[in-house]
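Student:
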Amino acid sequence: MNGDEFLCVNNTTKISREELMAYVREELICTIGSADSPVTIPVLITTFREDTCNDIGVLAEKLGYPSIPAMLGSDDFRDIIEPCYTDMAKGAGNVNPEKVFCYKIKSRPDIAHILSSIEDANRFRSAKETEKFRRLQVLIRDPKSCPKILMGKENLLKCLHSLGAEEREVELQELQNEYKHNYGVEMNKSELKRFFPTGKLKTIIDTYLYNDIEIFTDNNRTGSLLFKMKRTMDEVNAECEKILKERLEAIKMEEEAEKLKLKNKSKTKKPKIYSQYNQENYE
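Per full-length UniProt numbering, the sequence shown starts with residue 1, numbered consecutively.
1) Classify E18: buried if its beta carbon has 16 or more other beta carbons within 10 angstroms, exposed otherwise.
2) Any idea what DSSP makes of I251, helix, strand or coil?
3) Give the straight-line distance between the Cα atoms of M71 and A60, rounded to the nearest whole angstrom.
4) Hey, E178 and L163 are a contact pair by Cβ (cut 8 Å); roughly how many whole angstroms apart?
5) Mind reading off the beta-carbon distance from T217 to L225? Whole number of angstroms is fine, and I expect it under 8 Å.
6) Could you tell me the distance, in whole angstroms, from the CA atom of residue 296 to the CA atom of E26?
7) For S190, which residues of its own chain have a beta-carbon under 8 Å away from its beta-carbon, when the five flanking residues on both sides are left out?
8) Helix, strand or coil for L72? Go by DSSP, reduced to three states.
9) Is the beta carbon of E169 less than 8 Å from the beta carbon of K228?
10) For L172, report the span of its alpha helix (DSSP H) as first-last.
11) Pull up the distance between the alpha-carbon of L157 and that of E255, whole angstroms please.
12) Give the DSSP-derived three-state secondary structure of Y277 in the structure shown.
13) What is the residue span of the beta strand (DSSP E) that V100 lies within?
14) Can you tell which of T46, D51 and P38 has its C-alpha closest to the C-alpha of I81?
15) Roughly how many angstroms lie between the CA atoms of P66 and C240, to the nearest whole one?
16) Kindly identify the DSSP beta-bridge partner or partners of L225.
17) Over what stretch of residues does the alpha helix (DSSP H) that includes S190 continue unbroken?
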């Protein structure tokens, strides 16, 4: 394929090989340059697809190269990409990494602004890896901090609080009656599964409220379950408010990271119609 030939996009738009070449070059600068170490071919394939929804192997073929390494080592890419052999590459392995053949972006004056924005993104990523951010990421993915579970937890604890469970043991029937009185529905499995993965009350308490509720069995009378709050309602409310606040903070940090990533990508490429299509539309 020579520079005068065109590729059809979506059966209507024609794109020259030169334009497709420029697109692939720009995306490779962004994808490889945003990594904090050189990348192997398998890592490049995965990351490129995540970044662009395109298969770099298919695009290489469309450009007339027999393989991805052939493309990266060609005269068309040699000015921006250089091969290296190191055990520090992404894809070299986490345990006892071995030296592997990989690729990195060359430093050049004309792409210094791109690499600078990538370095900003990397610095932000490094900042995210503080103890606080790691803790927040754990929290945001902890089922116990799920807003729906927190709501179900609050419903149960409000009922127990109303029944005086901070000071005394409350019977299951009392809890069920109070729940029906407060929320207008039976506290059955179906209702509990609106908030929790299971409808079994004891499993819910053992899994999500073990710091809040103590369970006893009334062996002297009916054998019914008895419940007593381990903490005051004020302590429970304060913790829920803190969790929700930290969830919002963690979500905001992740959104900022994503915005920075998109900003970085927007600096590395001009808008082209073919970037809106995946490789299946190239003919």
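The beta-carbon is built from N, C-alpha and C at its ideal position, and this holds for glycine as well.
These numbers come from a predicted model, not from an experiment.
Tutor: With the given structure in hand:
1) Your numbering for residue 18 matches position 18 in the sequence shown. Classification for E18: exposed.
2) By one-based count along the sequence shown, residue 251 stands at place 251. Note: I251 maps to helix in three-state DSSP.
3) Looking up residue 71 in the sequence shown gives position 71. Looking up residue 60 in the sequence shown gives position 60. Straight-line Cα distance between these residues: approximately 6 Å.
4) The sequence position of residue 178 within the sequence shown is 178, counting from 1. The sequence position of residue 163 within the sequence shown is 163, counting from 1. The Cβ separation is near 6 Å, so the contact holds.
5) Walking along the sequence shown from the start, residue 217 turns up at place 217. Walking along the sequence shown from the start, residue 225 turns up at place 225. 6 Å between Cβ atoms; contact.
6) Outside the shown range of the chain (1 to 283) lies residue 296, about which nothing can therefore be said.
7) Counting from 1 along the sequence shown, the entry for residue 190 is found at position 190. G199, listed in sequence order.
8) Sequence index remark: in the sequence shown, residue 72 carries index 72 (1-based). Residue state, collapsed to three classes: helix.
9) Within the sequence shown, numbered from 1, the residue matching residue 169 stands at position 169. Within the sequence shown, numbered from 1, the residue matching residue 228 stands at position 228. Taking 8 Å as the Cβ cut-off, E169 and K228 qualify as a contacting pair.
10) Against the sequence shown, residue 172 aligns to sequence position 172. Its alpha helix (DSSP H) spans residues L172 to Y183.
11) As a position in the sequence shown, residue 157 is number 157, starting the count at 1. As a position in the sequence shown, residue 255 is number 255, starting the count at 1. Approximately 33 Å between the Cα atoms of the pair.
12) Against the sequence shown, residue 277 aligns to sequence position 277. Any answer about Y277 is weak, because its pLDDT of 44 lies below 50 and its placement is not dependable; what the coordinates show is given next. In the structure shown, Y277 sits in coil (DSSP, three-state: anything other than H, G, I, E or B).
13) Sequence index remark: in the sequence shown, residue 100 carries index 100 (1-based). That run of the beta strand (DSSP E) goes V100 to I105.
14) Numbered from its first residue, the sequence shown carries residue 81 at position 81. Per the Cα distances, P38.
15) As a position in the sequence shown, residue 66 is number 66, starting the count at 1. As a position in the sequence shown, residue 240 is number 240, starting the count at 1. If I take the Cα positions, the gap works out to 58 Å.
16) Within the sequence shown, the letter at position 225 stands for residue 225. Paired residue(s): T217.
17) Counting from 1 along the sequence shown, the entry for residue 190 is found at position 190. Here the alpha helix (DSSP H) through S190 covers K189 to L192.
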